[in-house]
Amino acid sequence: MKPLNPHLELLGRLINASEERQKVISQNVANVNTPHYQRLEYNFEQQLARELSKGTEDFSGVSAEVRRTPGLPARADGNNVDIDREIGEMNKNAILQQTYLQLLGHEISQMRLAIEGS
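Using my numbering, read the sequence shown as starting at 858 and increasing by one per residue.
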């Protein structure tokens, strides 16, 4: 079944993705001093971009991927988490989530205006 408003579905998925990414970043920060811990990353946008390039409006098949970040230098204890990078990712993710929430609010306002008129 086609969603009533594909923008709402997409924004909902993006908000959920930003929440899940925050959990992964928090896990990285919590393990910054854990020997042999390898940094994880949350990848949703690349999967979404592939679906969007196909011209589809059905995002239900888009799934996220949590994986180890390849190619990062490790410290002597085998840990490759860089706290500065994590803080930057956390800030970037917070801005994205705020943007998604503002866009969702705008979409809902537009729907309310269409329903109520004027």
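In this text, a Cβ means the ideal position worked out from N, Cα and C, and glycines have one as well.
- Every alpha helix (DSSP H) of 4 residues or more that sits fully in the region 878 to 931 is shown, in chain order, as 902 to 910.
- Leucine 868 has its alpha-carbon roughly 10 Å from the corresponding atom of serine 875.
- In the DSSP assignment, alanine 951 falls within the unbroken alpha helix (DSSP H) covering 940 to 973.
- Judged by DSSP in its simplified three-state form, glycine 869 adopts helix.
- In the three-state reduction of the DSSP assignment, alanine 933 falls in the coil class, being assigned neither a helical nor a strand state.
- When the five nearest sequence neighbours on each side are left out, the beta carbons in the same chain lying within less than 7 Å of the beta carbon of glutamine 884 are those of Leu897, in order along the chain.
- With a contact defined as Cβ atoms closer than 8 Å, valine 938 and tyrosine 899 miss out at about 14 Å.
- Residues Ser875 of the same chain have their beta carbon placed closer than 6 Å to that of glutamine 954, with the five preceding and five following residues left out of the count.
- Leaving aside the five residues that flank phenylalanine 901 on each side, the residues in its chain whose CB is nearer than 6 Å to its CB run, in chain order, Ala874, Ala921.
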